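Asks: Just so you know, we're using numbering that gives the first Met the number 0 here: the sequence shown kicks off at 0 and counts up by one.
Cβ coordinates follow ideal geometry from the N, Cα and C atoms, glycine included.
What you are looking at is a predicted structure, and each value in this text was computed from that prediction instead of being measured.
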Amino acid sequence: MDYKNLVSKAFEGRKNAYAPYSNFKVGAAVLAEDGKVYTGCNIENASYGATNCAERTAIFKAISEGNRSIKAIAIVGVENDYTYPCGVCRQVIAEFASKDAEIILGKGESEYIVKTLDELLPGAFTKEDLNK
Numbered sequence: 000m001d002y003k004n005l006v007s008k009a010f011e012g013r014k015n016a017y018a019p020y021s022n023f024k025v026g027a028a029v030l031a032e033d034g035k036v037y038t039g040c041n042i043e044n045a046s047y048g049a050t051n052c053a054e055r056t057a058i059f060k061a062i063s064e065g066n067r068s069i070k071a072i073a074i075v076g077v078e079n080d081y082t083y084p085c086g087v088c089r090q091v092i093a094e095f096a097s098k099d100a101e102i103i104l105g106k107g108e109s110e111y112i113v114k115t116l117d118e119l120l121p122g123a124f125t126k127e128d129l130n131k
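(1) As an exercise, report each continuous beta strand (DSSP E) stretch of at least 3 residues that is fully enclosed by the segment 39-107, in chain order.
(2) Please determine, among Asp99, Val25 and Pro19, the residue with the shortest C-alpha to C-alpha distance to Glu32.
(3) Just curious, the alpha helix (DSSP H) that Cys2 is in, first and last residue?
(4) Express the C-alpha separation of Leu120 and Ile112 in angstroms, rounding to a whole number.
(5) Which residue's Cα is closest to the Cα of Thr56: Ala9, Lys126, Glu110 and Asp128?
(6) What does the Cβ neighbour count give for Val29, buried or exposed, with the cut at 16 atoms within 10 Å?
(7) Just curious, the alpha helix (DSSP H) that Leu129 is in, first and last residue?
(8) Once you ignore the five residues that flank Ala93 on each side, which residues in its own chain have a CB closer than 7 Å to its CB?
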């Protein structure tokens, strides 16, 4: 997998972030199983609760285009540290990705670490649990 390219796409998505309240801009890039890439950014709202994270923006774009299976997602925030997905985003990723899906956390365009969904959300409650 071309991690560097996916991180670069996440930084492209970050450019569109709407974060007038926190000034914390985040970008994400989802790699679907069919190879298509969907980017997203965080979109804040004055009522805070209506804010949408970059990860969910990218995932929802993929879902709305008919892609329901995520192979990997890259996430970038500030350029001098890694930005991890929040708990809600981890749960949404778990809905559309396997526990082995790769989560690439970028710190600058050429520095990143790779985690699995299982590492970030061990013991995840998923749709399979509803059938037990």
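Replies: With the structure as the only source:
(1) Fully enclosed beta strand (DSSP E) runs of 3 or longer: 69-75 and 96-105.
(2) Nearest C-alpha to Glu32: Asp99.
(3) In the sequence on display, residue 2 carries Tyr and not Cys. Per DSSP, Tyr2 belongs to the alpha helix (DSSP H) from Tyr2 to Arg13.
(4) Near 16 Å, if we compare the C-alpha coordinates of Leu120 and Ile112.
(5) Comparing Cα positions, the closest option is Ala9.
(6) With 16 or more other CB atoms across the displayed protein chains lying within 10 angstroms of its CB, Val29 is buried.
(7) Note, Leu129: premise wrong, no alpha helix (DSSP H); not H, not E.
(8) Taking Ala93 as the centre and dropping the five residues before and after it, the same chain places the C-beta of Leu116, Leu120, Ala123 and Thr125 closer than 7 Å to its C-beta, in chain order.
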